[in-house]
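Chemist: First the structure, then my questions, so here it is.
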Amino acid sequence: MFTRPQLATVVAEFLGTATLVIVALILSQTTAVSYFIGTSVAAALVVLYMIFGSISGGYFNPAITFGMWTARQIGTLRAVMYTAVQLLGGLAALELFQYFTNRQIQVKQLAFSTPVWLAEVVGTAIVAMALVAAVRKGFDTLQTAVVYGVSFFVGILIAATASAAYLNPAIALGQRGWNAVYVLGPLVGGLIGVNLYTLLFAGDKLVSRRRK
14 MFTRPQLATV VAEFLGTATL VIVALILSQT TAVSYFIGTS VAAALVVLYM IFGSISGGYF
74 NPAITFGMWT ARQIGTLRAV MYTAVQLLGG LAALELFQYF TNRQIQVKQL AFSTPVWLAE
134 VVGTAIVAMA LVAAVRKGFD TLQTAVVYGV SFFVGILIAA TASAAYLNPA IALGQRGWNA
194 VYVLGPLVGG LIGVNLYTLL FAGDKLVSRR RK
């Protein structure tokens, strides 16, 4: 059985991810340019981190979870639980959006493309590195939220030159874009971003912040 704090962390990740995904879904159905979409999703991420960051870490992204796990910042059980509820959050957002709008999101077919994949890697690595840096520097919740949100905006702008700029497998799942490009790209980006910062700039001091 979960303890109350454990339950709070997984519920926080589920709610945060679901909210982020439905915001991205709504924006994806408009004709808005990537600048507006990036700003809106980044603003949502700032608010969500302010609400849930101190409870669960505020990842809301399986790629960030994976990166943190590979750098031994979270334990295996927590990583599995986070990934599961983040993906469930993406699916819940999809179902809720389709129910609200009474229309179906079509599955997006996409062959593997190196430029698209690399854009997802680079964009996600920026986001992951920024979050780890904020934690390493001991930023408070508001500061970390702003860094996380702005880095997501930057990542979207860069990735959007070649890809749909999901930077998050849960968003890809929610938008019916679940394929190797939008799953493996962010996962590799999360791994690179977290570990690059940890190995080059943080050293052993970051490891002491590990969540069990």
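Last residue of the sequence shown: 225 (the working numbering), numbering continuous.
Idealized CB from N, CA, C, for every residue including glycine.
1. Among residues of its own chain, excluding the 5 on either side of residue 228, which ones have a beta-carbon nearer than 6 Å to its beta-carbon?
2. Evaluate residue 176 with the Cβ neighbour count: other Cβ atoms within 10 Å of its Cβ, from every protein chain shown; 16 or more gives buried, anything less gives exposed.
3. Please name the residue in 160, 151, 154 and 132 whose C-alpha comes closest to that of residue 142.
4. Ignoring anything shorter than 3 residues, give me the beta strand (DSSP E) runs that lie fully in the segment 75-153, in order along the chain.
5. Quick one: measure Cβ to Cβ for residue 123 and residue 187, integer angstroms, because I've assumed they're closer than 8 Å.
6. Measure the alpha-carbon distance for residue 135 versus residue 114 and round it to whole angstroms.
7. Quick one: give me the first and last residue of the alpha helix (DSSP H) that residue 208 is part of.
8. So is residue 174 buried or exposed if we call it buried at 16+ other beta carbons inside 10 Å?
9. Just verifying my parser: in three-state terms, what is the DSSP assignment at residue 189?
10. Excluding the 5 residues flanking residue 96 on each side, which residues of the same chain have their C-beta closer than 6 Å to its C-beta?
11. How is residue 180 classed by DSSP in three states: helix, strand or coil?
12. Residue range of the alpha helix (DSSP H) that residue 260 falls in?
13. Is DSSP giving residue 43 helix, strand or coil here?
14. According to DSSP, is residue 175 part of a helix, a strand, or is it coil?
15. Kindly indicate which three-state DSSP category residue 72 falls into: helix, strand or coil?
Modeler: By the coordinates alone:
1. No information on residue 228 is available, as it lies outside the stretch 14 to 225 that the chain covers here.
2. Its Cβ being crowded by 16 or more others within 10 Å, residue 176 is buried.
3. The option with the nearest alpha carbon to residue 142 is 160.
4. Runs of the beta strand (DSSP E) lying entirely within the segment 75-153 and spanning at least 3 residues: none are present.
5. About 16 Å; that fails the 8 Å criterion.
6. When rounded, the distance between both Cα atoms is 33 Å.
7. Element bounds for residue 208: 193-210.
8. Around the beta carbon of residue 174, a 10 Å sphere encloses fewer than 16 other beta carbons of the protein chains shown; the residue is thus reported as exposed.
9. In the three-state DSSP reduction, residue 189 falls in the coil class, being neither helix nor strand.
10. Listed in chain order, the non-local C-beta contacts of residue 96 below 6 Å within the same chain comprise 75 and 78, local neighbours out to five positions each way being set aside.
11. In the structure shown, the three-state DSSP call for residue 180 is coil.
12. The displayed coordinates of the chain run from 14 to 225. Any statement about residue 260 would go beyond what the structure contains.
13. Per DSSP, reduced to three states, the secondary structure at residue 43 is coil, with no helix or strand assignment.
14. Residue 175 carries a coil assignment under DSSP once its states are collapsed to helix, strand and coil.
15. Note: residue 72 maps to coil in three-state DSSP.
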